[in-house]
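So in my numbering the end of the sequence shown lands on 307, straight run, no missing numbers.
Just so you know, even glycine gets a beta-carbon here, dropped at the ideal spot from N, CA and C.
Quick caveat, the model's predicted, so the values are computed rather than measured.
All remarks here apply to the structure that follows.
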Amino acid sequence: MQEQYDIFSRINDRFDKMSKGHKAIARYISEHYDQAVFMTAAKLGETLGISESTVVRFASGIGYEGYPEFQKALEDCVKGKLSNMQRIDAKYGRSSQSEILTSVLNADIEKLQDTIQNLDPAAFESAVSTILEADTIYIMGLRSNEPLAAFLHFYLNMIRGRVVLLNTTSVSETFEQMIRISEKDCLIGISFPRYSMRTLKAMEFANDRNAKVIAITDSMHSPMNLYSSCNLLARSDMVSIVDSLVAPLSVINALVVALCLKCPREVKQNLEMLEETWNNYQVYLNDEINFIDDEPMLNYSLRRED
2 MQEQYDIFSR
12 INDRFDKMSK
22 GHKAIARYIS
32 EHYDQAVFMT
42 AAKLGETLGI
52 SESTVVRFAS
62 GIGYEGYPEF
72 QKALEDCVKG
82 KLSNMQRIDA
92 KYGRSSQSEI
102 LTSVLNADIE
112 KLQDTIQNLD
122 PAAFESAVST
132 ILEADTIYIM
142 GLRSNEPLAA
152 FLHFYLNMIR
162 GRVVLLNTTS
172 VSETFEQMIR
182 ISEKDCLIGI
192 SFPRYSMRTL
202 KAMEFANDRN
212 AKVIAITDSM
222 HSPMNLYSSC
232 NLLARSDMVS
242 IVDSLVAPLS
252 VINALVVALC
262 LKCPREVKQN
272 LEMLEETWNN
282 YQVYLNDEIN
292 FIDDEPMLNY
302 SLRRED
């Protein structure tokens, strides 16, 4: 038998000549092969609203002796024998550029909806309180997670002082940067598959020092949860060579907004001090919009306090 990923090559090669019913099966297999692998021909037909015999003919039509052989080939694919590029080709191989755009954006929307449903509000509130009360905040996110860590560090640094971004290629240097961490401090570890061992070691070290540890990761099964007292979960998986960081970034954005609303006066003072410094040293040559006086969120919070 040919290599396992050829199941999708066969579908692609024959797609244009398929009947309407067979095209529906092909699309479903390409997009939901991890679910289809567990379906009988009857169940797959029921799911798509077509007959079992149509499903069987589809398997024969793409070169398999019957549905059992087809299902076995699909099972081998799901066991992880598809490379990233083969998975991408299976899902998007027949799509136009606009269809790819729509598919990716819809996938991101789905991840946001899933994150909304599964993120624990109590964990989110605990994270906000922990960040506000900690003496020093340490943030770590490596490789593709570096932009998330940098984004959070940038805005936390505007909200409060004593925020440290841990960014190194060496485990020993990581420990050197956080050697003074204590029970009064907090470490925020950001990691999604493939998980970072360096980030995990930093979280273990912080936990051993009795510091508060917040994990921003993808699921309750993530190893990042081993040493954290507060877990913020956001979906990141995608059929691509890149991870989707939309939901994780939205969770981080929500953290920043919640923190701003908790201490609007401090944030306003920090922003005013920054603006004055920029003007004094002509950092932006006075060509930036004055976002302090016109910031509705902060002013609204201050008006509520007054």
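Buried or exposed (CB count within 10 angstroms, at least 16 for buried), residue i
i, result
"Gln-114", "exposed"
"Thr-103", "exposed"
"Ser-31", "buried"
"Ile-8", "buried"
"Gly-142", "buried"
"Met-225", "buried"
"Ser-171", "exposed"
"Ala-123", "exposed"
"Phe-193", "buried"
"Gly-46", "buried"
"Asp-14", "exposed"
"Phe-71", "buried"
Option in the options with minimal Cα separation from residue i
i, options, result
"Thr-131", "Ser-245, Leu-233, Tyr-68", "Leu-233"
"Ile-117", "Ala-25, Ala-255, Glu-273", "Ala-255"
"Gln-270", "Thr-48, Asn-158, Gly-50", "Asn-158"
"Cys-264", "Ile-160, Val-105, Asn-107", "Ile-160"
"Gly-50", "Met-274, Gly-22, Glu-273, Ala-212", "Gly-22"
"Val-214", "Cys-231, Gly-142, Phe-39", "Cys-231"
"Ala-207", "Ile-189, Ser-220, Pro-122, Tyr-196", "Ile-189"
"Thr-218", "Ser-183, Leu-167, Asp-121", "Asp-121"
"Ala-37", "Pro-69, Gly-62, Ser-20", "Pro-69"
"Phe-125", "Ala-216, Arg-15, Arg-266, Leu-246", "Ala-216"
"Thr-396", "Lys-18, Tyr-156, Ala-74, Phe-176", "The requested residue 396 is not part of the displayed model; the chain covers only 2 to 307."
"Ser-1", "Ile-191, Tyr-65, Arg-58", "Since the first residue of the chain shown is 2 and the last is 307, residue 1 is not available in this structure."
Reduced DSSP category for residue i - H, G, I as helix; E, B as strand; rest coil
i, result
"Cys-187", "strand"
"Ile-180", "coil"
"Val-38", "coil"
"Leu-256", "helix"
"Met-86", "Because the pLDDT at Met-86 is just 49, under 50, the model does not fix this residue reliably, and the value given afterwards should be weighed accordingly. Residue state, collapsed to three classes: helix."
"Arg-161", "coil"
"Ala-128", "helix"
"Leu-102", "helix"
Cross-strand partners of residue i (DSSP beta bridge)
i, result
"Thr-218", "Leu-234"
"Gly-142", "Ile-191"
"Lys-44", "In the DSSP output, where bridge partners are listed per residue, Lys-44 has none listed."
"Lys-263", "In DSSP, Lys-263 forms no bridge with anything."
"Leu-167", "Met-141"
"Lys-213", "Cys-187"
Any non-hydrogen atom of the ligand FMN closer than 8 Å to residue i Cβ
i, result
"Leu-260", "For the structure depicted, the ligand FMN is absent and the ligand set is empty, with no information on it obtainable."
Rounded distance between the beta-carbons of residue j and residue i, thought under 8 Å
i, j, result
"Val-252", "Cys-261", "Incorrect: roughly 15 Å between the Cβ atoms, too far for contact."
"Leu-246", "Leu-149", "6 Å"
"Asp-186", "Ala-135", "5 Å"
"Ala-212", "Ile-182", "5 Å"
Cβ of residue i within 9 Å of any chain D Cβ
i, result
"Ala-235", "No chain D is part of this structure, which consists of one protein chain only."
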